[in-house]
Amino acid sequence: MKNIRLTEMARVLRSKNSGPYELTLDIIFKDRESFELARRSGIFTEKFFASLYSIKTDQVIGVIEFAPANAIKATIVRPIVSGCAGDGDIYGAQQHAPLLSIEVPIR
Amino acid sequence: MKEFLVLSPTAILGYGFPLSSLKEGLNHRPHAIAVDAGSTDPGPYYLGAGVPFTCRDAVKRDLGYLLSAAAANSIPLLIGSAGGSGGEPHLKRDVELIIEIAGQKDLHFKIAVIHAEVDREQVRDSLRQGKVKPLGPVPPLQESDLDEAVRIVGQMGIEPLIGALEIGAQVIVAGRAYDPAVFAAPACKSGCKTGPAIHMGKILECGAIASTPGSGSDCLLGRIGQGYFEVETLNPARVCTVTSVAAHTLYEKSDPLHLPFPGGHLDLKETRFEQVAKNRVKVTGSKFVPAQKYTVKLEGVKKVGFRTVAIAGCRDPVMIREIDHVIEVVRERTRDNFSGTMGNYSLGFKIYGKNGVMGVLEPVKNIIPHEIGIVIEAIGKTQETADTICGFARSAMLHSSYPGRKATAGNLAFPFSPTEFKGGEVFNCNIYHLMEVEDPFELFPMEIINV
């Protein structure tokens with residue numbers, strides 16, 4: 003078994019608000035093969051995203067595969083509602099950096 | 309069935325477009341021009357303060373070309389979420405601009421203005437009947453939320469827009485609307501199916517963001533036929549690809565397989581994306597599933613006070629190491645100095661270089677940067693309170709002592725004089741709920757203006 007960096011498998015890695023209360027993370031793979039490899043790795047679970055962002059698993063609303071786009075996406079509860087005191091990213095567009103360091107085990 | 313063509317000039321009215329792209333779009337003889345003017349992304353301020361987040365002159369520039377194009381081609385122009393947030397002051401700004409431009413260019417048409425501000429008593433009645441539910445991780449609505457809300461808008465679906473087209477409106481200016489609705493409504497009115505029409509609207513609503521290289525200030529053309537739609541770029545510098553269009557289907561949504569909107573949801577499990585020309589993608593299999601009960605999304609904000617901010621930098625490695633300690637000292641000094649005389653206030657510190665962007669979500673914890681940026685933020689009941697707290701915290705931080713301190717002249721580098729900036733009113737989201745309605749039109753009264 004070897005690991006491949008997610009940055010080599012994905013064409014798009016991004017975060018964005020899904021409304022003011024949720025933050026959604028998109029991983030769009032460069033082709034069907036990379037998407038299938040990532041999916042088979044089984045690492046993209048709610049628990050995984052909770053640990054990536056140091057949040058409780060119940061704060062992960064869901065992890066969804068969208069095969070027509072070769073994509074896996076996760077949505078989490080915003081720790082601070084967009085625009086409330088303490089929020090540092092009103093659009094939620096700069097919360098993706100932890101995705102860049104993921105390595106995917108290839109089975 | 310003949311194809312129905314909808315031209316999307318830009319991601320948000322006021323974000324602009326190249327005239328060459330608009331001209332190329334018009335060469336295809338579109339049946340409607342539609343543009344989304346709004347977003348909740350810029351945060352609660354704009355809805356609360358009644359201020360558009362787009363600049364008047366930029367919107368006027370876009371509207372000037374679009375109104376001329378619609379009039380010259382005898383096709384309708386639809387504008388959704390006018391003025392950004394789609395409340396009364398936002399709608400008023402865009403309607404006034406349209407009337408002004410019509411006068412200057414000697415254009416004559418029937419304008420339908422569709423209002424979207426919702427009366428709090430109507431929501432209260434629905435709440436008491438159990439017809440208002442939270443949307444996502446949002447607390448259940450309380451009557452006190454309605455009392456505190458300064459403005460509430462409802463997000464209209466396609467029905468009120470189709471109603472305006474049916475009475476022959478040539479320019480439709482809608483308050484808060486489901487983003488894809490202005491693109492889908494003319495297609496649905498001409499007999500196209502709701503599923504592909506809404507999905508096409510979802511792609512078109514951000515202009516050329518769904519192409520590659522993406523842009524929020526360029527045009528996209530949608531064409532819809534029996535059981536499919538296609539989207540294509542109009543600028544030779546960009547193309548729509550399967551990835552760019554499929555990716556946009558996910559954009560800003562929690563669940564791409566199930567996209568809810570007023571009156572139902574899109575089921576995209578069977579959706580297929582296919583490259584049919586270099587710059588064009590065909591999409592099939594997008595299904596509309598009607599809801600059992602018609603619901604409208606409500607958005608509301610409450611006022612929490614006034615903000616003042618100060619911006620500073622720090623290049624001292626010892627101070628940077630001790631920054632958490634310094635912040636605690638400044639908080640305590642401020643609390644002690646005013647000991648309850650300032651009422652409730654909030655004092656916040658953003659440390660850029662450390663965790664200013666991600667806050668509690670930041671996984672990188674043990675790093676000592678060589679310089680940091682600091683934003684001090686105070687929110688008080690009045691602007692004077694915010695000014696006082698922010699100014700005091702700034703001077704306390706400038707001269708605070710910390711373990712190992714060598715530089716005793718001052719801890720902060722200020723880039724500006726004055727060091728503090730008034731941020732004005734502060735609002736928080738307090739309503740983000742779904743309300744059941746009997747009739748898709750009931751919250752959205754229409755008014756006709758002939759120019």
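Protein chains in written order, with this note's numbering: chain L, 3 to 109; chain B, 309 to 759. Note that the Cβ used here is the ideal one computed from N, Cα and C, for glycine as well.
Cβ of residue i within 8 Å of any chain L Cβ
i        : result
B:PRO723 : no
B:LEU512 : no
B:ASN736 : yes
B:LEU669 : yes
B:LEU469 : no
B:TYR373 : no
B:MET666 : yes
B:ASP344 : no
B:GLY351 : yes
B:TYR602 : no
B:THR579 : yes
B:THR362 : no
B:TYR740 : yes
B:ALA701 : no
B:THR769 : One cannot answer for residue 769 of chain B here, as it falls past the ends of chain B, which runs 309 to 759.
B:LEU529 : no
B:ALA554 : yes
Within chain B, the residues that residue i reaches when beta carbons sit closer than 7 Å
i        : result
L:PRO107 : Chain B residues near L:PRO107: none, gap ~20 Å exceeds 7 Å.
L:ALA87  : SER654, GLY656, ILE687
L:GLU104 : For the sequence presented, residue 104 of chain L should be read as Ile rather than Glu. Result: empty, since nearest Cβ-Cβ is about 11 Å, beyond 7 Å.
Listed by chain order, chain B residues near residue i by CB distance under 8 Å
i       : result
L:LYS18 : TYR559, GLU560
Min CB distance residue i to chain B below 8 Å
i       : result
L:SER36 : no
L:PHE50 : no
L:PHE68 : yes
L:VAL14 : yes
L:VAL79 : yes
L:ILE45 : no
L:VAL65 : no
L:ALA40 : no
L:ILE6  : no
Cross-chain neighbours of residue i in chain L, by beta carbon under 8 Å
i        : result
B:ALA545 : Per Cβ cutoff of 8 Å: no residues; B:ALA545 is ~19 Å from chain L at best.
B:LEU449 : Those within 8 Å of B:LEU449 in chain L number zero; the least Cβ separation is about 13 Å.
B:THR690 : Residues of chain L passing the Cβ test: none, with the nearest at roughly 16 Å.
Where residue i meets chain B, residues with beta-carbon distance less than 9 Å
i       : result
L:GLU24 : GLY444, PRO445, SER562
L:VAL75 : Residue 75 of chain L is actually Lys in this sequence, not Val. Neighbours of L:LYS75 on chain B, chain order: LEU558, LYS561, SER562, ASP563, PRO564.
L:VAL62 : Correct list: empty, because the minimum Cβ distance to chain B is about 11 Å.
Secondary structure of residue i, DSSP reduced to three states
i        : result
B:THR592 : strand
B:HIS398 : helix
B:PRO384 : coil
B:LEU315 : strand
B:ARG459 : strand
B:VAL446 : coil
L:ALA95  : coil
B:ASP453 : helix
B:GLN412 : helix
B:MET666 : coil
L:ILE57  : coil
B:GLN600 : coil
B:TYR740 : strand
B:CYS622 : strand
L:THR26  : strand
Cβ separation of residue i and residue j, assumed to be a contact under 8 Å, to the nearest whole Å
i        : j        : result
L:ILE6   : B:THR551 : Not confirmed; about 19 Å, so no contact.
L:VAL79  : L:ILE66  : Not confirmed; about 16 Å, so no contact.
L:SER84  : B:GLY351 : 6 Å
B:THR549 : B:LEU528 : Not a contact, Cβ separation roughly 13 Å.
B:ALA554 : B:PHE596 : The pair is not a contact, with the Cβ atoms about 19 Å apart (cut-off 8 Å).
B:TYR660 : B:ILE680 : 6 Å
B:CYS496 : B:ILE470 : 6 Å
B:LYS601 : B:GLU744 : 5 Å
B:LYS610 : B:ASN736 : 6 Å
L:LYS75  : B:LEU558 : 6 Å
Per-residue contacts from residue i into chain L (C-beta, under 9 Å)
i        : result
B:LEU355 : Simply none; closest approach about 10 Å.
B:LEU298 : In the structure as shown, chain B begins at 309 and stops at 759. Residue 298 of chain B is therefore absent and cannot be evaluated.
B:THR348 : ASN19, GLY21, PRO22, SER84
Inspect the CB distances between the region 503-511 of chain B and the region 317-324 of chain B and report whether three or more fall short of 8 Å.
Too few Cβ pairs lie closer than 8 Å, so no.
Does the region 477-484 of chain B come close enough to the region 328-338 of chain B that 3 or more CB-CB pairs lie under 8 Å? Cβ pair count under 8 Å is below three, so no.
Hey, is the region 341-356 of chain B in contact with the region 374-386 of chain B, meaning 3+ C-beta pairs nearer than 8 Å? Segment contact: the region 341-356 of chain B against the region 374-386 of chain B, three or more CB-CB distances shorter than 8 Å; contact assigned.
_Under 8 Å, with one C-beta from each stretch per pair, do the region 727-745 of chain B and the region 598-618 of chain B reach the 3-pair mark?_
Segments in contact, yes.
Three or more C-beta pairs below 8 Å linking the region 455-466 of chain B and the region 625-632 of chain B
A contact between stretches requires three or more CB pairs, one per stretch, nearer than 8 Å, and the region 455-466 of chain B fails this requirement with the region 625-632 of chain B.
- Task: Would you check if there are 3 or more beta carbon pairs closer than 8 Å linking the region 691-703 of chain B to the region 642-650 of chain B?
- Result: Enough Cβ pairs lie closer than 8 Å, so yes.
Spell out a yes or no on whether the region 709-719 of chain B and the region 421-441 of chain B are touching, meaning 3 or more CB-CB pairs, one atom from each, closer than 8 Å.
-> No: the two stretches stay apart, fewer than three of their Cβ pairs being nearer than 8 Å.
query = Okay, do the region 84-93 of chain L and the region 47-57 of chain L touch, 3+ Cβ pairs below 8 Å being the bar?
reply = Too few Cβ pairs lie closer than 8 Å, so no.
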